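Participant: The opening residue of the sequence shown carries number -14 in our numbering; numbering runs sequentially from there. Beta carbons are placed, not taken as given, at the ideal position from N, Cα and C, and that holds for glycine. Values in this document were obtained by computation on a predicted structure and should not be read as measured data.
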Amino acid sequence: MASRGASLSRAGLRGRETELGQLSALIASVARTGSGGLALIQGEPGIGKSTLLTEAVTRATAAGYSVGHGKADELHHIVPLSSLAACVMRGDRPLLSDGTFADLARSHDQRIWLVERLAEAIEARAGETPVLIALDDVQWSDPLSRFALKQLPARLRTSPVLWALTGRLEPAGPAEEILAAAAGELPTLSVPLGPLSGAAIGQLAGDALGTALDERLTSLLGGAGGNPFLAVEMLTGLRTVESASGELVPQGLVVGVRGRLRSLLPGTLRFLQMGAVCGRRFGFHEAAALCGRPTTDLIPELEEAVRAGILDDDGDHLVFRHDLLRQAVYVDIPPSARKALHREAAGLLVAAGHPPIDVVPHLLKGAVPGDEEAVALLRRAAEDVLPVTPDLAADLMTRALDMVPAARPLRLALGEQAIVCLTRAGRHREALSTGDRLLAGRPPLQAFSRLQAALGGTLWNMDLADELRGRADATLAIEGADPEIAARLAALRALALSRDRDLVAAREAGAAALRAATSTGDREAHVLALSALGEIALNAGENAVARGHFTALSAVDAAFLPEEIVAHQHTDDFGSSERLLLQAADGAGSLRPAMLLWAQAQHHLGLGRLDDADAGFTTLERLEDDVQVFVQQVNARVIRSRIALLRDDRDAARQHLVAAREALTAKPNPGNTAAVRFLEALHAEADGDVRQATVKIRQVQRTGPFMRWRLLRDWVDSAIRMALRDGDHELAEDLAAQAGAHAGRNPAVPTATGMAAQALGLVRNDLSLLERSVALLDESPRPLVRAFAHADLGQALLTAGQRPQAVAALTRAHGTFTASGASGAAARVRRDLDRAGSGSHRTAATRRPVQGWQALTASEKKIARLVSAGHTNRSAADLLVVSPHTVNTHLTSVFRKLEVNSRVQLANVVRSLPDS
């Protein structure tokens, strides 16, 4: 069925020649350069955004693009990934098949991995031909699609992928957020559409009527305010609406959309109203069901709606030709009727077997308090979307909670689920207030216990360990809770005690909690108890014990594999660390990607790969920023600042210090505070202020025995040197004693025993102890630790007048620092070599240039060669056994250093190298 209004659809291009030229230029640029781009067309409803986007799609198709074109729907704007699905699953050659798209959502239960898989699919197509992804009405896009659209343009900026979006003018709205995320990463084009000029409106009318406008029509169209859609609707109304007297526009008749609707038969208007309830795009049978009539009886009404240009029929669905048409129909339905119809539509979808999330939009508009079926559907929908859109899950659960009267027992179960969802979404204060409101109602014991257990994770994430312990103690003191819940509370209590100074009592509580969890068979209690025991062991400095607990924990829940990997590193078992990282690469979709990157970066740092470690921590920060869940921001910045100091990059080091301080204000727990104070000590030392450095080290000491030792485990030598330079022997001796105690707890860890000997050797100025430390650390897999020990020994030997032995030790230190990329540390050792009279025989360590091929790190060069050979981020990541996110970080650096913008340009650079 052809739409009568279709002939007017392209008329919106009148007066848009400049904007169309800009879009055409961007289409040509992306295809020519092989790099990405983003265009955002904005304006009021009816201003011509969709028409301009459709023309851009037509031109891109003609230019050889693979095109995905979709439209976000106002009614279904919460269904995860529904908006992008409209782009990637439709067309003559969809970017993704239905099955592949379903597998993505089913197999990868985290936003970051799901977006990465989408990127890989789009990147693969872009390797064959330029790609255009066009999404209309981005202001209605679902939360997960918005999340993806903020990540994907930058992620795919090195491939010929053009993103063309339309949206309404909304300050700080979705469209602006997406544009802001892309700004500076790839070429962006903002296309604001204002009212058409009078001349353009005249041309548009001439196109429609085939005749010049008289004064009366010109005056009439002036009421359209330069809006082409309203002008077109007025013109269509002129052709379809006549009064009994034959006047062109009867007096008092509303001109435009409502005038056209009133010309329809009552049955047709009723049919359109039912369709408007279903959404802009709806099924014929859905509207017929709401009408209460068979589809065969409604064919005349359908035909009239299409003839009038209100609906288009694409063969599968009926579509309102414009949002304004649907809204004009929808607002004329009385509000109480709209509410009832949405509830009825929800029931029809349930009966047809649709998943709960498809039903939710209607429930949010039509359900009333006390509607238990609606509450049950909201709960199921929240469970389904929690892994990928925790914020949405939290919103659904809070709505469900509001729909249940306070006196109903169901409200307590809903509250428990709402707390879990709010906590997963990072809305901790909201979760705590929700729980406390429910607890204030003095619920029965079982519900009281469950709510307190649910709040345990909230309190832990808020760093309220004392309050967590107090609540757990008080709840456990009331006997009669279900054994499973009691086991969870006991484990939460042990977790809170892991932050206490009495770690013996904490260890006993953890062991008891683990026995209770094993006895009840409650998986959540088991995970909590093992987590508590692992934390307690780490805080006690018992690395092998911690490794055992975290190994058991990852066997229960694979999401905790990163903790096991790091625990192996603490025992100097980097072989197992690498093996588990390889294992994680095969099943990363089920892991926590940011924590896995933390483990990978710590692996690189321990093995002295400073470039790779820095890239890993950079990627971790970006991923935590993306999902707005901040766990390791402070620690990552502290380590990156120390790496920069080792490289003698003082500007970067200071920038990281500022960022670490800012991150600390958001999460000021004792561990983060100690880390930043230690970093401030390093900076004070670098600035020559050893007194201030010592003050900061003493502040670290006051944070508590476990926090300071978790921090100083591999850095105690630096702290001792600061204390000795300031003449604070008491502090130096205390630190050395701590190092000795740590070695006693970890006799099988070469790094621990070697650093204990090094610490004591520094404090006592004992050459034999420093020699022993070097011998012990020769068994350590940590090159930087060995290098510092050799440097200390070399300086002591030089002071003792043993020049040849000093040169040998300093030469080893210099070589190790240089190989690790620690150019600043290498330069300091070189000054000692010069003092020993050996500097003339060595080449001065040089910093890498900022631009050009030689500016690239070893890993960046590998990735540049792989990508120039045609590898995608995924295939390059698989070969190098890193995450695609890390490859993306390296590739970003490569493009910046080589001053290229696309994979094609990168391939040209690599081919021009002498050794290619």
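1. DSSP puts L120 in a beta bridge; with which residues?
2. How big is the Cα-Cα spacing for L515 and D467?
3. Going residue by residue through the region 314 to 373, where are the continuous alpha helix (DSSP H) segments of at least 4 residues, counting only ones entirely within it?
4. Only counting the same chain, and skipping five residues up and downstream in sequence, which positions put a Cβ closer than 7 Å to that of A737?
5. Considering only residues of the same chain and omitting the five flanking positions on each side of A785, which have a CB-CB separation below 7 Å?
6. Going by C-alpha to C-alpha distance, which of V389, L283, R142, D610 sits closest to E170?
7. Do you know offhand how far R292's Cα is from E40's?
8. I need the straight-line Cα distance from L440 to L474, nearest angstrom please.
9. Using 10 angstroms around the beta-carbon of N620, count the other beta-carbons present and answer buried if the total reaches 16, otherwise exposed.
10. What are the boundary residues of the beta strand (DSSP E) that includes Q27?
11. According to DSSP, is F773 part of a helix, a strand, or is it coil?
12. Might you give, ordered along the chain, the residues of its own chain that have their beta carbon closer than 6 Å to the beta carbon of E527, omitting 5 neighbours on each side?
13. Considering only residues of the same chain and omitting the five flanking positions on each side of L605, which have a CB-CB separation below 7 Å?
14. According to DSSP, simplified to helix, strand and coil, what is V867?
15. Pull up the distance between the alpha-carbon of T877 and that of A807, whole angstroms please.
16. Measure how close the beta-carbons of L23 and T253 come, nearest whole angstrom, since I'm counting them as under 8 Å.
17. What's the gap between the Cα of D596 and the Cα of G260?
18. Counting C-beta neighbours from all protein chains within 10 Å, is the total for R508 16 or more, i.e. buried, or is it exposed?
19. If you follow the alpha helix (DSSP H) that F256 is part of, which residue opens it and which one closes it?
20. Would the region 385 to 404 count as touching the region 356 to 364 if we require 3 or more Cβ pairs under 8 Å?
21. Going straight from the alpha carbon of A637 to that of L147, what length do you get?
22. Checking 8 Å against the spacing of the C-beta atoms, do A119 and G187 come in under that value?
23. Can you give me the start and stop residues for the beta strand (DSSP E) that D298 sits inside?
24. Who are the Cβ neighbours of L60 in its own chain at under 6 Å, not counting the five residues just before and after it?
25. Can you tell me whether DSSP reads K882 as helix, strand or coil?
26. D610: beta carbon under 7 Å from a heavy atom of the ligand FMN?
27. One question on the structure: do L349 and A366 come within less than 8 Å of each other, judged by their Cβ atoms?
28. In three-state terms, what does DSSP make of V304?
29. Who are F615's beta bridge partners in DSSP?
30. Take every Cβ of the region 840 to 850, pair it with every Cβ of the region 807 to 817, and state whether three or more of those distances are shorter than 8 Å.
31. From the DSSP output, read off the bridge partner residues of S175.
32. Just checking: is the beta-carbon of L246 within a distance shorter than 8 Å of some beta-carbon in chain C?
33. Mind checking who R266 pairs with in its DSSP beta bridge?
34. Whole angstroms is fine: what's the gap from Q613's alpha carbon to A166's?
35. Is I32 helix, strand or coil when you go by DSSP?
36. By how many angstroms is the C-alpha of E469 removed from the C-alpha of H511?
Facilitator: Answer, in terms of the structure:
1. Among the bridge pairs identified by DSSP, L120 is matched with G55, L150.
2. So the two alpha carbons sit approximately 20 Å from each other.
3. List check, alpha helix (DSSP H) in window: 320 to 336, 341 to 351, 357 to 370.
4. Taking A737 as the centre and dropping the five residues before and after it, the same chain places the C-beta of H727, A728, N731 closer than 7 Å to its C-beta, in chain order.
5. Answer for A785: L752, listed in chain order.
6. Measuring from the Cα of E170, the nearest candidate turns out to be R142.
7. The alpha-carbon separation between R292 and E40 amounts to approximately 24 Å.
8. Rounded to the nearest angstrom, the two C-alpha atoms are 10 Å apart.
9. The residue is buried, with at least 16 neighbouring Cβ atoms inside 10 Å.
10. From DSSP, the beta strand (DSSP E) with Q27 extends over 22 to 27.
11. It is helical.
12. Excluding its 5 nearest sequence neighbours in each direction, E527 has C-beta neighbours in its own chain below 6 Å: R730, listed in chain order.
13. The answer, listed in chain order, is A579, L582, W583, A586, Q617, A621.
14. Coil.
15. Cα to Cα, the separation comes out at about 22 Å.
16. Contact between L23 and T253 fails: their C-beta atoms lie close to 41 Å from each other, not under 8 Å.
17. About 58 Å.
18. Of the other Cβ atoms in all chains shown, fewer than 16 fall within 10 Å of the Cβ of R508; this residue is therefore exposed.
19. Note, F256: alpha helix (DSSP H), 251 to 263.
20. Contact between the region 385 to 404 and the region 356 to 364 is present, because at least three Cβ pairs lie under 8 Å.
21. Taking the straight line from one Cα to the other gives about 33 Å.
22. No.
23. Here the beta strand (DSSP E) through D298 covers 296 to 298.
24. Closer than 6 Å at Cβ, skipping near neighbours: G264, P346.
25. Helix at K882.
26. By its list of ligands, the structure shown contains no ligand whatsoever, and the ligand FMN lies outside what it can speak to.
27. No, Cβ-Cβ distance for L349 and A366 is not below 8 Å.
28. The answer is strand: DSSP assigns V304 an E or B state.
29. The partner list for F615 (beta bridge, DSSP) is empty, contrary to what the question assumes.
30. Using a C-beta cut-off of 8 Å, the region 840 to 850 makes no contact with the region 807 to 817, since fewer than three inter-stretch Cβ pairs fall below that distance.
31. Answer is L25.
32. This model lacks chain C altogether, as it is built from one protein chain only.
33. R266 is bridged to V304.
34. In this structure, the alpha-carbon of Q613 lies about 14 Å from that of A166.
35. The answer is coil: DSSP assigns I32 none of H, G, I, E or B.
36. If I take the Cα positions, the gap works out to 10 Å.
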